[in-house]
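>
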Amino acid sequence: MDCLSCTNAQCIIKKNYHFDKMHAYLEKKSTLVCKKGQNFIIEGAPVHGLYFIREGKVKVAKTGLYGKEQIVRFTGNGETIGHRGFGAGQFYQISAVALQKTTLCNFSTETMKAMLMEVPTLTYDLMTFYAEELNRSEAKVKKFAQMTVREKVIDALLYINRKFGHTKGIINIQLSRKEISDFAGTTEEQVIRTLSGLRKDGLIETPGKRIHIKDVELLRKEISDHNYFIDS
305 MDCLSCTNAQ
315 CIIKKNYHFD
325 KMHAYLEKKS
335 TLVCKKGQNF
345 IIEGAPVHGL
355 YFIREGKVKV
365 AKTGLYGKEQ
375 IVRFTGNGET
385 IGHRGFGAGQ
395 FYQISAVALQ
405 KTTLCNFSTE
415 TMKAMLMEVP
425 TLTYDLMTFY
435 AEELNRSEAK
445 VKKFAQMTVR
455 EKVIDALLYI
465 NRKFGHTKGI
475 INIQLSRKEI
485 SDFAGTTEEQ
495 VIRTLSGLRK
505 DGLIETPGKR
515 IHIKDVELLR
525 KEISDHNYFI
535 DS
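Below, the structure is given as structure tokens:
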């Protein structure tokens, strides 16, 4: 799968593939196709480069206190995974699991370092990506400290809706209640109770295991004091 046919304009590799100096490195790219539920980065495993999602959805997690999983972000087409281990140590600090069939492009650490030395705009794009990730992480820490359980769940639903979009109000991904709780920083039981409360308030519906947000603006108003506009 070559970068020319890729439609992910926001991918930092795609944005820079037209430079002549990139061509030799692009030939060293490897492609990995993961099944739903496949763990392709194991926390604590040796770093083997950066991954870029060509197509699919992935959850990125880290082990917290008492072995509890904390989902730090969800990722989709064109996004970068594994950057927390790149250039900062020999082992990944996170794990990554495919939420559906996912196609990944991988460049080894050595190849990435060589590309960054040769293509300044690629280096700048990666630096900007790191800065944005830091901003999101800091915003999330702040929100965790200030939000109620209900607000955390609402914030998580709005984030997932922004990240993956929706079809007629139904979020375009089916996550378990536990996955929502692991991202929202609460418990599965609290998520179930909160979703029940939101249904009673007429803000959402839950057909099957999916979530239908009936009015995004009403949900946004509930957490407007926490700067919803920060896409964290």
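Whatever position you read off the sequence shown (first residue = 1), add 304 for this note's numbering. Even glycine gets a Cβ: it sits at the ideal position worked out from N, Cα and C.
1. State the Cα-Cα distance for the pair Gln404 and Ser309, rounded to the nearest angstrom.
2. So the alpha helix (DSSP H) Thr413 belongs to, where does it begin and stop?
3. Leu336 bridges to which residues according to DSSP?
4. State the beta-bridge partners of Arg377 as determined by DSSP.
5. Looking at Ser485 and Thr491, is the spacing between their C-beta atoms short of 8 Å?
6. Please name the residue or residues paired with Ser309 in a DSSP beta bridge.
7. Roughly how many angstroms separate the alpha carbons of Leu426 and Ile316, rounded to a whole number?
8. Can you give the beta carbon distance from Asn343 to Val401, rounded, assuming they're within the 8 Å contact cut?
9. Report, in whole angstroms, the separation of the C-beta atoms of Tyr396 and Ile346, which I expect to be a contact under 8 Å.
10. From Ala443 to Ala460, what distance separates their C-alpha atoms?
11. Let me check one thing: in DSSP terms, what residues is Thr471 bridge-paired to?
12. Select from Leu354, Gly469 and Asn320 the residue whose C-alpha is nearest the C-alpha of Thr335.
13. Quick check: the Cα distance between Gln450 and Lys456, rounded to an integer number of angstroms?
14. Does the structure place the region 405–414 close enough to the region 315–334 that three or more beta carbon pairs sit under 8 Å?
15. How many angstroms separate the CA atom of His530 from the CA atom of Thr498?
16. With DSSP as the reference, please indicate the residues paired to Tyr355 in a beta bridge.
17. Looking at Met326: is its Cβ nearer than 8 Å to the Cβ of Met431?
18. In whole angstroms, give me the CA-to-CA distance for Tyr329 and Met416.
Well, looking at it:
1. The count along the sequence shown starts at 1 and reaches residue 404 at position 100. The count along the sequence shown starts at 1 and reaches residue 309 at position 5. Approximately 22 Å, taken between the alpha carbons.
2. Numbered from 1 along the sequence shown, position 109 holds the residue referred to as residue 413. Segment Thr413 to Glu422, the alpha helix (DSSP H) holding Thr413.
3. Locating residue 336 in the sequence shown gives position 32, counting from the first residue. Paired residues: Leu408.
4. Counted from its first residue, the sequence shown places residue 377 at position 73. Looking at the DSSP assignment, Arg377 forms a beta bridge with Val364.
5. Walking along the sequence shown from the start, residue 491 turns up at place 187. Walking along the sequence shown from the start, residue 485 turns up at place 181. Yes, the pair counts as a contact, with Cβ atoms nearer than the cut-off.
6. Position 5 of the sequence shown holds residue 309. DSSP lists no partner for Ser309.
7. In the sequence shown, the residue the question calls residue 426 occupies position 122. In the sequence shown, the residue the question calls residue 316 occupies position 12. Going by the C-alpha atoms only, they are around 7 Å apart.
8. On the sequence shown, position 39 is the one that residue 343 refers to. On the sequence shown, position 97 is the one that residue 401 refers to. That pair is a contact at about 5 Å.
9. On the sequence shown, position 92 is the one that residue 396 refers to. On the sequence shown, position 42 is the one that residue 346 refers to. Right, their Cβ atoms sit about 7 Å apart.
10. Position 139 of the sequence shown holds residue 443. Position 156 of the sequence shown holds residue 460. Cα-Cα distance, rounded: 13 Å.
11. As a working mapping, residue 471 is identified with position 167 in the sequence shown. Per DSSP, Ile474.
12. The residue labelled residue 335 in the question sits at position 31 within the sequence shown. Closest option to Thr335, Cα to Cα, is Leu354.
13. In the sequence shown, residue 450 corresponds to position 146, counting from 1. In the sequence shown, residue 456 corresponds to position 152, counting from 1. Answer to the nearest angstrom: the Cα atoms are 9 Å apart.
14. Touching, per the Cβ criterion.
15. Position 226 of the sequence shown, counted from the start, is the residue given in the question as residue 530. Position 194 of the sequence shown, counted from the start, is the residue given in the question as residue 498. In this model, His530 and Thr498 are separated by some 18 Å (Cα to Cα).
16. Looking up residue 355 in the sequence shown gives position 51. Tyr355 is bridged to Ile385 and Asn410.
17. As a position in the sequence shown, residue 326 is number 22, starting the count at 1. As a position in the sequence shown, residue 431 is number 127, starting the count at 1. No, Cβ-Cβ distance for Met326 and Met431 is not below 8 Å.
18. What you label residue 329 is simply residue 25 of the sequence shown in a count that begins at 1. What you label residue 416 is simply residue 112 of the sequence shown in a count that begins at 1. Cα to Cα, the separation comes out at about 8 Å.
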